[in-house]
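A.B. asks:
There are 2 protein chains.
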Amino acid sequence: MSLYENYCEAMRKIADVNYASALLQWDQEVNMPEAGAAARSRQLATLSGMAHELSVADDLGQWLVTLNEDQQLTDPEKRNVKESLRNYNDRKKYSTEFVVEMSKTISAAFQAWQQARKENNFKLFAPHLTHLVALKQQECELLGYSEHPYDAMLNQYEPGLTSAAVDKLFVEVRANLVPFVKELFSKPVPDDAFTRQHFDRQQQWDFGIGLLKAMGYDFKAGRQDISAHPFTTNFCSTDVRVTTRINENDLKEMIWSCIHEGGHALYEQGLPEAGYGLPSGEYLSLGIHESQSRLWENNIGRSLPYWKVHYPDLQKRFPKQLGEVSLNEMYRSMNKVEPSLIRTNADELTYHFHIMIRFEIEKGLMEKSISVNELPEYWNARYKEYLGITVPSDANGVLQDVHWSHGSFGYFPTYSLGSFYAAQFMHQAVKEIPKFWEQVERGDTTALLQWLREKIHKHGRLYTAAELCTRVTGSALSFSYFMDYARSKYGELYQLKAE
Amino acid sequence: MSLYENYCEAMRKIADVNYASALLQWDQEVNMPEAGAAARSRQLATLSGMAHELSVADDLGQWLVTLNEDQQLTDPEKRNVKESLRNYNDRKKYSTEFVVEMSKTISAAFQAWQQARKENNFKLFAPHLTHLVALKQQECELLGYSEHPYDAMLNQYEPGLTSAAVDKLFVEVRANLVPFVKELFSKPVPDDAFTRQHFDRQQQWDFGIGLLKAMGYDFKAGRQDISAHPFTTNFCSTDVRVTTRINENDLKEMIWSCIHEGGHALYEQGLPEAGYGLPSGEYLSLGIHESQSRLWENNIGRSLPYWKVHYPDLQKRFPKQLGEVSLNEMYRSMNKVEPSLIRTNADELTYHFHIMIRFEIEKGLMEKSISVNELPEYWNARYKEYLGITVPSDANGVLQDVHWSHGSFGYFPTYSLGSFYAAQFMHQAVKEIPKFWEQVERGDTTALLQWLREKIHKHGRLYTAAELCTRVTGSALSFSYFMDYARSKYGELYQLKAE
């Protein structure tokens, strides 16, 4: 075996263990009987320990250093090696003591957060979060950064992203989206009460499966199941699974989780099989991943052409509930913009205000300009400022998300990035694909999927997000595409021009 | 941590990896989309390699040697150590080259077997089987034995079992069971045509779930799913899963797989949780495992009292198909004794003739008195002799079972041992539990389950099968209990006394 092949095989072995963990986690959410939980925790801990050991092995490090100087390698091979070496060096920065301390702190913080949210008592969570934030501040130093400590956190999920770049995006959000949304708030609110009738479970399930099939999700290389919180996972690019949930009294939950997770899954199914375990076979970043789910969910899934073809089927399944509801009423209901307390329930515009608040807080915590004890007050003031709403309780405010209790700082901004990338990609796709919306209107999104495969999916992590964005769209990420999308869609929907 | 605790933690870690593999395998049979197969194979290979490395680690070996001399340990601790050391030493006997060669040969043999069975052409399988048998002969030498090379194979599944002991059992089978069954063959055959009508899938499923619940199977620590070949697996004693299959045109498949796998599962659910990864928390042997499935399937499940309580429910679910079928007709149909070609379809008496033939062949192969090329002829002659039937094709003859292509030699005899142990355990349970059959007739098998838990399950692998049998029943395993059971049950059923 060549040195390069040795390296590939070592990476594949790490992937084997990580994918085994992913299956154990999938099973935990989908199938596991309750009494299996304790053993499952230890099995996952053992596997993650073993994967870590493999991923910091000395021989792997030596191979990577040697290969990184090897001029005989092809370009994709060089990029694989460079990216793997970067990951290797990052992982090597962690001492075992630090990893153990972090893991214990997260366990305790997660439990405290659950209790605090249940009892609506931030004080129960505060000391744990304080400890966790201190460790995360340490982690920023340990990983290193050039401008802002928080950059180290962002880089874990979005390689190359800086606080300055996110700041710049949110300056534009504040300047453009905030006043635009305020204008929308002054208009009559679309009615969506009809989506909260009783909708038969099996009919919902069948409709959702139909949507996934129509998107091009390959059921020979995946499956859908039910779980409390919908998610996508994969154990290779030919076994990519989605989950959904069904609320018999609210049609929206199933529909949007199906299309959203379907978008994630199409990305994973489109990654090159030959790159198993290597950067060339893995997703680029969370922001790019989220761009795929949001493009399908919002730009396609919440468009009028999409429902022109799918709404008749939905009406046929629920004649009593939807027989009298027009296509346009349905379209308006799914694009209702309103201030909301809870991020995961927010519409596609105000969503970014939720993220902006979290970003400001995380950045402040990492640079030590905000302390944990101030968080509820800070949070509530920002919700008043950006969304005009009074937060009635910390449980529905600063305690609503699981992320911080899991130690995930730097994750939230990738949600907004995803939407912004999606708008820019869509703009390009519509330009390049002839009669784009006519195809969507006929229920045919194969050209779009083909385009995403060719432009984004097949490259795995061989480019940075910035490189990819320029290759695909000819320019760097710009908030203007999202703003144009918002103005055009909601301007028409809310008849702003008619004023 | 004490040395004993170090050892325990090392064993638990090995179990973590092996149970993760078990989940990957379960998922492969139950959920995996077809395109996931290739990656799953390599994930399983990686995990099994890692488990093997952990299980032959030098420090584990040193701890075991030291602990084996430690007089401070409690008796159960001593037994754990002794058994683990025996396993450790066995695993150390394999060189990496041998393991790799075996694994490659098995892969090729399994593929060849599938093809050979499909094409009904033993010659396609013969060279692979010849190679595999040669490796297995080597393995016997490598593992060592005191009397017969085949003992080394038997010991892998049934520690302490010898060819001589199995020979002795089958001498009695030939002397007693063969003539008894010939007598049954001369009697009118019970009718079971009514079990091959159309039976609704969901009704069958619900009935099967009811049977499992009635047995005491804990659904909070397990679940049932559908798979092509029913099996039981577990990832700890509190997550023990069974699978079944449903044939809408044959009621029998679901019923017997449900009760059989349920019996296996009750054993696993009864193993001590604290013994996770240690001999004290694991099943004793395949023979003892099979005794639990067969006791529930045959001794309980094919008894008249059992159906007195469950048959009315079955009739209610299938009034059209079973409304006119009496309890006694149902009971007779499920105890029909007849010569058959295929082991897995055989009744509980002729079943042992199928095993006897396989045992003779395996023993002959290991001692080199039979060659692979003679197998079809040898097989067919024995089927004529013991079962009086002509084997029409190798596909339904010598090629019917997967075991040899998997390299599993020494496995078959444990099926017969299971039935014989079951008869002996049942004899004792009926003696010790007051009004045993009255309880069964009321649908109450809690006293039986309690007895099995106390006498068998809770001991894990702290005793040998021989020790356990004597502790539970007061005497060594004897075929006479099975023969008494057969004479009593089938004598009455076939009205032999009436002659």
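Line by line, the protein sequences are chains A and B. Per our numbering, numbering of the first sequence is gapless, rising by one per residue and ending at 544. Per our numbering, numbering of the second sequence is gapless, rising by one per residue and ending at 544. Built from N, CA and C at the ideal position, the CB exists for glycine as well. A quick note: this is a predicted structure, and the numbers were derived from the prediction, not measured.
(1) How do the stretch 208 to 216 of chain B and the stretch 249 to 261 of chain B stand: do at least 3 beta-carbon pairs fall below 8 Å, yes or no?
(2) Check each residue of the stretch 320 to 334 of chain A: if its Cβ is closer than 9 Å to any Cβ of chain B, include it; give the result in chain order.
(3) Using the C-alpha atoms, what's the distance from B/F481 back to B/I434?
(4) With a 10 Å radius around its C-beta and 16 neighbouring C-beta atoms as the bar for buried, classify B/A543 as buried or exposed.
(5) Any idea what DSSP makes of A/T150, helix, strand or coil?
(6) Are there 16 or more other CB atoms within 10 angstroms of the CB of B/R403, so buried, or fewer, so exposed?
(7) Could you tell me which chain A residues have their CB closer than 7 Å to the CB of B/E79, listed as they occur along the chain?
(8) Identify which residue in A/H334, A/D72, A/L522 has its Cα closest to the Cα of B/R268.
(9) Going along the chain, which residues of its own chain have a beta-carbon closer than 7 Å to the beta-carbon of A/E203, five neighbours each way excluded?
(10) Would you identify the three-state DSSP class for B/V75, choosing helix, strand or coil?
(11) Restricting to Cα atoms, I'd like to know which of A/F252, A/T207, A/K149 is closest to A/L180.
(12) Mark A/S208 as exposed unless 16 or more other C-beta atoms lie within 10 angstroms of its C-beta, in which case mark it buried.
(13) For the stretch 276 to 289 of chain B, which residues have a beta carbon sitting closer than 7 Å to at least one beta carbon of chain A?
(14) Apart from the five residues on each side of it in sequence, which residues of its chain come closer than 8 Å, Cβ to Cβ, to B/A273?
(15) Taking the beta strand (DSSP E) that A/D270 falls in, what are its first and last residues?
(16) Between the stretch 83 to 95 of chain A and chain B, which residues of the former have CB atoms less than 9 Å from a CB of the latter, in chain order?
(17) Measuring only between beta-carbons, confirm whether A/V62 sits less than 9 Å from chain B.
(18) Spell out whether any CB of chain B is found under 9 Å from the CB atom of A/A440.
(19) Could you check what DSSP says for A/T33 in three-state terms: helix, strand or coil?
(20) Where does A/V436 fall in DSSP's three states?
(21) In this structure, does DSSP put A/N279 in helix, strand or coil?
(22) Assuming A/D61 and B/R532 make a contact with CB atoms under 8 Å, what is their CB distance in whole Å?
(23) Who are the neighbours of A/A65 on chain B, taking C-beta pairs under 7 Å?
(24) Taking only the alpha-carbon atoms, compute the straight-line gap between B/V223 and B/Y431 and give it to the nearest angstrom.
(25) For A/Y195 and A/H399, what's the separation of their Cα atoms in angstroms?
(26) Please check the pair B/F524 and B/E217, which I expect to be a contact at CB under 8 Å, by giving their CB distance rounded to whole angstroms.
(27) List the whole-angstrom C-beta distance separating A/L386 from A/V436, where the pair is believed to meet the contact cut-off of C-beta under 8 Å.
(28) Using a beta-carbon distance cut-off of less than 9 Å, what residues from the stretch 143 to 171 of chain A approach chain B?
(29) Contact defined as beta carbons within less than 8 Å: I believe B/V417 pairs with B/A171. What is the distance between those atoms, to the nearest angstrom?
(30) Where does A/R286 sit, in a helix, a strand or coil, going by DSSP?
(31) Kindly list, in the order they appear in chain A, the residues whose Cβ is closer than 7 Å to that of B/N76.
(32) Could you tell me which residues DSSP pairs with A/D295 in its beta bridges?
(33) For A/T395, which of helix, strand or coil comes out of DSSP?
(34) Between B/R498 and chain A, is there a C-beta pair that is closer than 9 Å?
(35) Does DSSP classify A/I478 as helix, strand or coil?
(36) Please classify B/R487: is it buried, with 16 or more other beta-carbons within 10 angstroms of its beta-carbon, or exposed?
C.D. replies: Checking against the coordinates, here is how it stands:
(1) no
(2) Y321
(3) 39 Å
(4) Here B/A543 scores only 46 on pLDDT, less than 50, and its place in the model is too uncertain to base an answer on.
(5) It is helical.
(6) buried
(7) K265
(8) Selected option, being the one with the closest Cα: A/D72.
(9) Once the five neighbours on either side are set aside, the close Cβ partners of A/E203 are S330, L331, G332, T459, L462, A510.
(10) helix
(11) A/K149
(12) buried
(13) F280, C281, T283, D284
(14) Once the five neighbours on either side are set aside, the close Cβ partners of B/A273 are E74, R290.
(15) 269 to 271
(16) Correct list: A83, A84, R85, R87, Q88, L89, A90, T91, L92, G94, M95.
(17) yes
(18) no
(19) With chain A running from 46 to 544 in the structure shown, residue 33 of chain A is simply not present.
(20) coil
(21) DSSP places A/N279 in strand when its eight states are reduced to three.
(22) That belief does not hold up - the Cβ atoms of A/D61 and B/R532 are roughly 54 Å apart, past 8 Å.
(23) Near A/A65 (Cβ distances below 7 Å), the residues of chain B are A65, L69, Q88, L92.
(24) 7 Å
(25) 18 Å
(26) 4 Å
(27) 6 Å
(28) none
(29) Confirmed, about 5 Å.
(30) In the three-state scheme derived from DSSP, where H, G and I count as helix and E and B as strand, A/R286 is classed as strand.
(31) Near B/N76 (Cβ distances below 7 Å), the residues of chain A are R268.
(32) The partner list for A/D295 (beta bridge, DSSP) reads A/N292.
(33) coil
(34) no
(35) coil
(36) exposed
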